[in-house]
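Note that the protein sequences, when read in sequence, are chains A and B. All residue numbers for the first sequence refer to the numbering used here, where the first residue is 1 and numbers rise by one. All residue numbers for the second sequence refer to the numbering used here, where the first residue is 1001 and numbers rise by one.
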Amino acid sequence: MNHLELAFRNLQRRPTRSILTLLGVAVAVGSFITLYGLSRSVNENVQQAFEERGNDLTVRRRGVAEPFGGTVPEAVIPEIAKIPGVAAAAGQLLSFAATDNDDHVIAFGWPESSFYWSSVPLAEGRLPNPGERKFALVGKDIATTLGKHVGDDITLLGDKFHIIATTNYGSVINRNAVIVGLPDLQEATFRTGSVTYIAIRLADPANQAATDRVVKAIEGLGGFAVTRSESVLKNDSLVGLLDAVSSSMAWVALLMGVLMVLNTLLMAVLERTREIGILSAIGWSKERIMGALVIEGFLLSALGSGLGILLGIGGSRLLSAIPAIGRYIAVRPTPGLIAVTAIAAIVLGILGSFYPAFVATRASPAEALEHT
Amino acid sequence: MNARRTDSNSLIALEHVGHAFDQGRIVALHDINLTFGEGESVAVLGPSGSGKTTLILVMCGIRTPTRGVLRWRGDPVTTLRQWTDLRRSQIGIVFQEFNLFPTLTASENVEVAMFGMGLSSKERRRRAEDALETVGLGQRTTHLPQELSGGERQRVAIARSIINNPTLILADEPTGNLDSANASAILDLLFDLQRARGATLVMVSHAPDLAKRCKRLIKMKDGNVIDQVSHAREAVP
């Protein structure tokens, strides 16, 4: 028998309490992973969606808290396209559009000249012909969800669009989006002459100095904010709110798990006062007795964390399976997040066991032995 | 009468040791002067409340004397750390109430006393099984305390007390919770182990016939040593 086995044996004494504490830690760790994973996944999914379409920079109206809330005049696009270092510039209008069966989809409006068209991964069908109107390219996932096929019609914002292709993008957002012609979406949303943002493809994206010059030139036009694809949601107030709420809830959950470990060990210490006296009587030092209790705390938090990781992964899949979330975000906790959460839970669990361990050694051996 | 021995082979000596509870209002031990030599067997007798158990607890540092000095082989023992080290490696204690861990097997209860001795868990297991064999429980090593009789539990406690080859075994009414047959067997075992290992045995008891089996008898009353008698039943000068 070693210290770990001894600690395990002590936890087995009160199986119900130990299991409940384990579950408490597991739920805390699982919640942390799921909630933190959710807020992180929003950014990652948006970034992935931008990157796979070949975006290097995004131009939006300055001072708009929601990235897709403002509009940029379409007229500025040719001016931006002329800036040295800009390989291509294309406007995109974005709208959450009501569709058949009271469902909603993300609709992208692309102009005929957009560089986006060159990288559309067609699953089935064709790209639009020059001058074609009222067409739609439907993401593979949303096509399956809505039961739509090439040749069918889809209703967006009350207008009928003819499905000419299904797309097979990698990101969840793009797999659930519908691409239509820019003029059609502008008319349907009463935003003629406007786009939500301008996508920029750089001539040399690896050249930081050239990129900085492009950013400066665009911002010099006045009223525009330029961001890289990876930081497109950086100043988004809604994402910021989601981040703050989910992070706070995640930390509260984790702290509750730590308090459960502390409470369980404190109860155990109070119940085992006499046994702690026996340990002292047979020559265990205070440090060794404290160490034994800290090992119990470690075991509770480590086993709870292991279970919590499974719950977190399961919880993330569950969230992704909810249509309202899974259509836009694939909640995927990263190995880094899982590792950091597990380590944090174990470290906090160990720290939480120090107070009960201190209480355990505070009583004199004689008093402890007299305890009934 | 408080007597004082000054043997050159003194293992543990109490010099003017006193102990009081409740901020000095209850005095459990008055001015105690006692010396215990290497390999001695000593019975401490006296009625309830005479200070016998307090004496045992003071002699192993579980209770700290409120006055006086304890010496281990001539050196004063003053810190909790010193007492902890002594209890781990030099002093074995047997309690009336066995004080076993209910969730640990007989073998594990003995193993627990070897933590901190620098032994591997395999070696601890081997030694614990040997010790249980010595006390006649070789077939009961995997049993939990509640699966053992009172006598068997006390044997486990004795195995635990001798596992680190102590030079001093303190037994506080070790037969107090046993029937007469088991009590006799436990006393036989303690004396056999004391003789075989050359340890000093100090045993507290109510039973006057215990004195016949010890080389020395100390009688206590009201926190004082009132008499000391050698194995020839002569008063120690």
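Don't be surprised by glycine CBs; every beta carbon is placed ideally from N, CA and C. Quick caveat: nothing in here was measured; it's all calculated off a predicted structure.
Residue i and residue j closer than 7 Å at C-beta
i	j	result
A:Glu74	A:Val180	no
A:Ile378	A:Val72	This structure gives no information on residue 378 of chain A, because the portion of chain A shown stretches from 1 to 372.
A:Gly91	A:Pro78	no
A:Ala386	A:Asn168	In the structure as shown, chain A starts at 1 and stops at 372, and residue 386 of chain A therefore has no counterpart that could be examined.
B:Thr1084	B:Asp1172	no
B:Gly1223	B:Ala1028	yes
A:Ala28	A:Met256	yes
B:Ile1163	B:Val1135	no
B:Arg1140	B:Ala1106	yes
A:Thr273	A:Ala368	yes
B:Pro1048	B:Met1220	The question names Pro, yet the displayed sequence has Ser at residue 1048 of chain B. In this structure, B:Met1220 does not lie closer than 7 Å to B:Ser1048 by Cβ.
B:Gly1151	B:Asn1182	yes
A:Leu319	A:Ile325	yes
A:Leu185	A:Gly109	yes
A:Gly283	B:Arg1088	yes
A:Thr341	A:Lys286	no
A:Val86	A:Val214	yes
A:Leu11	A:Ala97	no
A:Leu1	B:Glu1108	It should be pointed out that residue 1 of chain A corresponds to Met in this sequence rather than to Leu. Against a cut-off of 7 Å, the Cβ pair of B:Glu1108 and A:Met1 comes out as a contact.
B:Arg1153	B:Leu1100	yes
Spatial distance of residue i from residue j (CA atoms)
i	j	result
A:Asn43	A:Ser247	14 Å
A:Ile350	B:Leu1168	38 Å
A:Arg53	A:Asn176	14 Å
A:Leu22	B:Met1114	30 Å
A:Phe358	A:Leu262	12 Å
B:Arg1005	B:Phe1036	Low local confidence applies: a pLDDT of 44 at B:Arg1005 is under 50, so the model's placement there is unreliable, with the coordinate-based value given in what follows. Cα to Cα, B:Arg1005 sits roughly 8 Å from B:Phe1036.
A:Pro365	B:Cys1060	11 Å
A:Gly158	A:Ile83	39 Å
A:Thr58	A:Arg228	6 Å
B:Ile1091	B:Ser1161	8 Å
A:Arg126	A:Ile338	42 Å
A:Tyr328	A:Asn174	8 Å
B:Arg1071	B:Gln1023	25 Å
B:Gln1228	B:Met1117	36 Å
B:Ile1026	B:Pro1208	27 Å
A:Tyr116	A:Ile200	10 Å
B:Val1225	A:Arg17	50 Å
Other residues of its chain near residue i: CB distance less than 7 Å, five sequence neighbours each side excluded
i	result
A:Gly223	Arg61, Arg62
B:Glu1097	Asn1177
A:Leu279	Ile289
B:Pro1065	Val1017, Gly1018, His1019, Val1058
B:Asn1165	Arg1197
A:Gly277	Pro365, Ala368, Leu369, His371
A:Ala7	Ala292, Ile295, Glu296, Leu299
A:Asp243	Ser39
Residues of its chain near residue i, where Cβ-Cβ distance is below 6 Å and the 5 sequence neighbours each way are ignored
i	result
A:Ala136	Ile154, Phe161, Ile163, Val178, Val180
A:Ser316	Thr34, Gly37, Val331, Pro333
A:Ser378	It is not possible to answer for residue 378 of chain A, since the shown part of chain A is limited to 1 through 372.
A:Gln48	Ser171
B:Thr1142	Thr1105
A:Gly24	Gly257, Met260
Residues that residue i contacts on chain A, provided the C-beta gap is smaller than 7 Å
i	result
B:Ser1121	Met1, Asn2
B:Thr1084	Gly283, Ser285
B:Ala1020	Those within 7 Å of B:Ala1020 in chain A number zero; the least Cβ separation is about 13 Å.
B:Glu1108	Met1
B:Leu1057	Ala366
Interface partners of residue i on chain B, CB under 9 Å
i	result
A:Pro15	Here the premise fails: no neighbours, minimum Cβ distance about 11 Å.
A:Glu275	Asn1099, Phe1101, Pro1102
Proximal chain A residues relative to residue i, where beta-carbon distance stays under 8 Å
i	result
B:Leu1070	Here the premise fails: no neighbours, minimum Cβ distance about 15 Å.
B:Ile1093	Ala281, Ile282
Proximal residues to residue i (C-beta, below 8 Å), its chain only, five neighbours per side dropped
i	result
A:His3	Gly291, Ala292, Ile295
A:Ser113	Ala90
B:Leu1190	Val1094, Ile1158, Ile1169, Ala1171, Pro1174, Leu1201, Met1203
A:Ile309	Val29, Gly30, Ile33, Ile338, Thr341, Ala342
Within chain A, the residues that residue i reaches when beta carbons sit closer than 9 Å
i	result
B:Val1112	Met1, Leu6, Ile278, Leu279, Ile282, Trp284
B:Ser1089	Gly283
B:Arg1160	Ile282
Residue i: contacting residues in chain B (beta-carbon distance under 7 Å)
i	result
A:Arg288	Phe1115, Gly1116
Chain B contact residues for residue i, given Cβ-Cβ distances below 8 Å
i	result
A:Asn10	Thr1103
Residue i beta carbon near the ligand ATP (any heavy atom closer than 6 Å)
i	result
A:Glu296	The ligand ATP is absent from the structure shown, which contains no ligand whatsoever.
Item to complete: Examine the Cβ distances between the stretch 1203–1219 of chain B and the stretch 1028–1045 of chain B and report whether three or more of them are shorter than 8 Å.
Response: The stretch 1203–1219 of chain B is in contact with the stretch 1028–1045 of chain B.
Worksheet item: Looking at C-beta atoms only, is the number of pairs between the stretch 1137–1147 of chain B and the stretch 267–278 of chain A that lie closer than 8 Å three or more?
Response: No, the stretch 1137–1147 of chain B is not in contact with the stretch 267–278 of chain A.
Discussion item. Check whether the stretch 347–366 of chain A and the stretch 292–312 of chain A touch, using three or more Cβ-Cβ pairs below 8 Å as the test.
Written reply: Contact between the stretch 347–366 of chain A and the stretch 292–312 of chain A is present, because at least three Cβ pairs lie under 8 Å.
Discussion item. Counting beta carbon pairs with one atom in the stretch 91–103 of chain A and one in the stretch 143–154 of chain A, are three or more of them shorter than 8 Å?
Written reply: Touching, yes.
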